[in-house]
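Protein sequences, first through last, are from chains V and R.
The numbers in UniProt numbering rise by one with no breaks, and the one at position 8 of the first sequence is 8.
The numbers in UniProt numbering rise by one with no breaks, and the one at position 15 of the second sequence is 15.
Okay, structure first, notes after.
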Amino acid sequence: MDISVKELEHSYNRGTPFERNALKDINLSIPSGTFQSIIGHTGSGKSTLIQHLNGLLKPTAGSIQIGDFLIRAGEKEKRLKALRKHVGIVFQYPEHQLFEETIEKDIIFGPLNFGVPIDEAKQRAAKLIKQVGLDESYLERSPFDLSGGQMRRVAIAGVLAMKPSILILDEPTAGLDPRGRREIMGLFHRLHQEEGLTTILVTHSMEDAARYSDNIVIMEKGGIALQGNAEHIFADSDALKALSLDVPETVQFIHRLEERFNRTLPQSVFTLDAAVDAALTILQKEERS
Amino acid sequence: MEELISVQNVSFRYQEEHPYVLKDVGLSVQKGEWLAIVGHNGSGKSTLARLLNGLLLPEKGDVLVEGFNSRDEESIWEIRRRVGIVFQNPDNQFVGTSVQDDVAFGLENSGMPREKMLERISESVKKVRMEDFLDQEPHRLSGGQKQRVAIAGIIALRPSIVILDEATSMLDPAGRKEVLQTMRELKKEEGMTVISITHDLEEAARADRIIVMNAGEVIDEGLPVDVFKKGDMLEKIGLDLPFPLQVQRALREKGYDFEKLTLSQEELVNELWTFQLKS
Chain V
1 MDISVKELEH SYNRGTPFER NALKDINLSI PSGTFQSIIG HTGSGKSTLI
51 QHLNGLLKPT AGSIQIGDFL IRAGEKEKRL KALRKHVGIV FQYPEHQLFE
101 ETIEKDIIFG PLNFGVPIDE AKQRAAKLIK QVGLDESYLE RSPFDLSGGQ
151 MRRVAIAGVL AMKPSILILD EPTAGLDPRG RREIMGLFHR LHQEEGLTTI
201 LVTHSMEDAA RYSDNIVIME KGGIALQGNA EHIFADSDAL KALSLDVPET
251 VQFIHRLEER FNRTLPQSVF TLDAAVDAAL TILQKEERS
Chain R
1 MEELISVQNV SFRYQEEHPY VLKDVGLSVQ KGEWLAIVGH NGSGKSTLAR
51 LLNGLLLPEK GDVLVEGFNS RDEESIWEIR RRVGIVFQNP DNQFVGTSVQ
101 DDVAFGLENS GMPREKMLER ISESVKKVRM EDFLDQEPHR LSGGQKQRVA
151 IAGIIALRPS IVILDEATSM LDPAGRKEVL QTMRELKKEE GMTVISITHD
201 LEEAARADRI IVMNAGEVID EGLPVDVFKK GDMLEKIGLD LPFPLQVQRA
251 LREKGYDFEK LTLSQEELVN ELWTFQLKS
C-alpha cells in the first residue's frame, strides 16, 4: 500500500488558548515496500506524524492516503479498524504495554481482537516467537519474568502477529545494549525484505537511517526540513549542522580523511566495510606514490 | 588518590531462590574520577548503582561510602546525601511543578532554612545553566533540560558522587551532549566524582576508567585504551567497539599494524597519516 501525505497539518488543543501547531505543511510519499526513516529532535513532530498513519490522530488540515483508505480533515474514515489491521506500530518502550499472563496470550491478543481464529493466532505466535529470537518454550511463560530486551521482542511479536503490511517503528532500539540494538535492527531489516513490508523507522541514529533506508525525512519544528535518499541527505553536512544534527560516523570519517590527505573519496559510505575500504585506498595509493 | 566508595565481595538477588544478580563484586571508586560502568542489558549495572547509595542493601559483603557502611541503619542517610543518582527516564524523576520547586524538593526534605535553600537553588541551577527556566513547568522542557534539572536537584545537596544510570539513553543526540557536557564541567570545576552507567561506548572511551560487567560479575577494569584492546571479549559479551577501533581492527586484519590504539576519529586519522609517512 502506497502512502501519500498531502498538506498535512495538526494542531493540539485547537480553539483553546493552549493551541499549538505540531505539524504543518507535510507532503510525503512513501511507495509500497520501501524503507523510510524519519529523523528529528525531540518535539520536532515525528511521533505526531506517525500517529496519523493509522488514524490515532486526525489531521486538522490536509489528507493522508494509505492504499485505498483516505483520511481527511473534517471527514470520518469509517474503516479505521480495517486500516489499523494493515498498519502496525511498535511504540517506544513497547515492553511497557505487555499485560497478559503468558507470552502466548499477549501475542495473540491483537489477532483475536481482529477476529482471527484462535488456532491460527496460536500458530502465528509459535512462528513469531522464533522469528524474534526466542524459542517456543517461552510461550507459556509470564512476560514479566523476562529481561527488558526479551520483553521488547515479545511486544514486537505482538505487533507482527497482526500481519501488518506497513510497520512503523518508533525508536525501537532505545535503551538496548549494542548487541540488542544490532539484533533488533537486523530483525526488522530481514522482515522488511522477506515479507515485503513498508517500513517506517523513527530514529535518532544517523547510522541506522543511512544503512537501511531508501528514503529519509528530516523534521524540524513540525515541518519537513530535508528529504531524499541517504546519499542526498548526508552529502550536505552543513545543512545538517544548521539543524544541530550529525552525519553518520562513517561520513565524518571520510570527511576527516579527505581533509587530512587532501583527496577526494567516494561519498556514500555508510557501512564499516566501506569506511575501511576508503582507508585502504588511501594507504595503498600513498604507498605506491 | 582518595577512595570514596569501596564495594567488597558484594552479592545480591532480588528474592530468595532467584538467581544472584550480582556475584561477589568488588570495586573501588576514587575521588574526582569519571568511572564508566559498561555491560549488556541485565548484567547488573543498575542494581549495582542502587547498592552504591543504599537504595538496595547487599545480601553478602559490604558497601562503604566514605567509610559509612550501608548495612548500618544510621549511616544510610549519610550515604544518600553523598551519592546522588540521575535515572534513565526524565519524566519519572521530575517531582516539582516548576524547575525551582523540583530543585527545592531534596533540600526541603533535608530541613534546610529557606534563605539558605534559595541560595543553593540559584547556585545549582546556574551550574547546569538552567537559571533562565526557574519558573518553567516540566512539560515545557526538553528531555535534556529535565535531566539537567535532575542534576541540579542532586548537586544542591552537595554530594561527593553523582551516578548517571543510563541518564542519557532516552534523550536525542543534542540532549545527550547537553547532559554530558554539564557533567564534564561539574567534574572539572567542582571536582565531582562521576560514575556513568552506559551503553554508549564513545562516551565510555572518554572516561578515566572503565569497569566491565557481565552476568553479575566484574570481568574487567582499567583505562579505556586497555579495556578496548580486548575487542573480542567485549563483543562476546554483547558490547561493541567504538567506530575508530573497529576501523583500526579491520585494517590490522589486512596487515596494517598500528602502534597506538585510537579511541577517537581524530587519533585514527593522525595514526593513518603517520603510517603512510613511514611507508
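Even for Gly, the Cβ is constructed at its ideal location relative to N, Cα and C.
Nothing here was measured: the structure is a model prediction, and the numbers come from that model.
Beta bridge pairing from DSSP links V:Gly228 with V:Ile216. A contact between stretches requires three or more CB pairs, one per stretch, nearer than 8 Å, and the region 33-46 of chain V fails this requirement with the region 61-79 of chain V. Straight across, the Cα-Cα distance linking R:Asn69 with R:Ile121 is about 30 Å. In the displayed model, V:Gly43 falls within coil according to three-state DSSP, outside both helix and strand. Within the region 46-112 of chain R, the complete beta strand (DSSP E) segments of 3 residues or longer fall at 60-65 and 83-86, listed in chain order.
Here V:Gln97 is exposed, its C-beta having fewer than 16 other C-beta atoms within 10 Å.
When the beta-carbon positions are compared, V:Lys6 and V:Asn27 come within less than 8 Å of each other. Using a Cβ-Cβ cut-off of 8 Å, V:Ile166 does not count as an interface residue toward chain R, since no Cβ of chain R sits closer than that to its own. Bounds of any beta strand (DSSP E) do not take in V:Phe99, whose DSSP letter is neither H nor E. Boundaries of the beta strand (DSSP E) around R:Ala36: Trp34 to Gly39. At least 8 Å separates the CB of R:Asn214 from every CB of chain V. Residue range Gly148 to Leu160 is occupied by the alpha helix (DSSP H) that includes V:Met151. For R:Ala156, the CB contacts under 7 Å within the same chain, skipping 5 residues up- and downstream, are Val103, Gly106, Leu107, Arg120, Ile121 and Ser124 in chain order.
Contact annotation: the region 127-145 of chain R touches the region 178-192 of chain R, with at least three C-beta pairs closer than 8 Å. Taking 9 Å as the Cβ-Cβ cut-off, the region 231-259 of chain V approaches chain R at Ser244, Leu245, Asp246, Glu249, Thr250, Gln252, Phe253, Arg256, Leu257 and Glu259, given in chain order. Taken in chain order, the whole alpha helix (DSSP H) runs of length 4 or more contained in the region 157-194 of chain R are 173-190. The three-state reading of DSSP puts V:Ala82 in helix, counting H, G and I together. Chain-ordered listing is empty here: chain V has no CB closer than 9 Å to the CB of R:Gln30, the nearest sitting near 26 Å. One thing to note: V:Ser63 has its Cβ within 8 Å of the Cβ of V:Ile71. Contacts between V:Val276 and chain R, judged by CB atoms closer than 7 Å, involve Val247, Ala250 and Leu251 in chain order. As the crow flies, the alpha-carbon of V:Leu245 is around 13 Å from that of V:Ala235.
When the Cα atoms are used, V:Ala125 and R:Asp101 turn out to be separated by approximately 48 Å. Counting along the chain, V:Ser237 sits inside the alpha helix (DSSP H) bounded by residues Ser237 to Ala242.
Annotation: Cβ neighbours of R:Asp172 in chain V (cutoff 7 Å, chain order): His41, Thr42 and His204. Each of R:Glu115, R:Met1 and R:Ala36 was checked against the Cα of R:Glu202, and the nearest Cα belongs to R:Ala36. For the pair R:Ser110 and R:Glu2, the Cα-to-Cα distance works out to about 27 Å. The beta-carbon of R:Asp240 is placed less than 8 Å from the nearest beta-carbon of chain V. Assigned with DSSP and collapsed to three states, R:Ser264 falls in coil, not helix or strand. Taking a Cβ-Cβ cut-off of 7 Å, V:Gly88 has no neighbours in chain R, whose nearest Cβ is about 23 Å from it.
Taking C-alpha positions only, R:Leu118 is separated from R:Ala152 by approximately 13 Å. For the region 188-207 of chain R, the set of residues with a beta-carbon nearer than 9 Å to any beta-carbon of chain V comprises His199, Leu201 and Glu202, in chain order.
The DSSP assignment places complete alpha helix (DSSP H) segments of no fewer than 4 residues inside the region 198-231 of chain R at 201-205 and 224-228, in order along the chain.
At a cut-off of 8 Å between beta carbons, R:Gln15 makes no contact with chain V. With at least 16 other beta carbons inside 10 angstroms of its own, R:Ile211 counts as buried.
Here the C-alpha atom of V:Gly175 lies approximately 30 Å from the C-alpha atom of V:Arg256.
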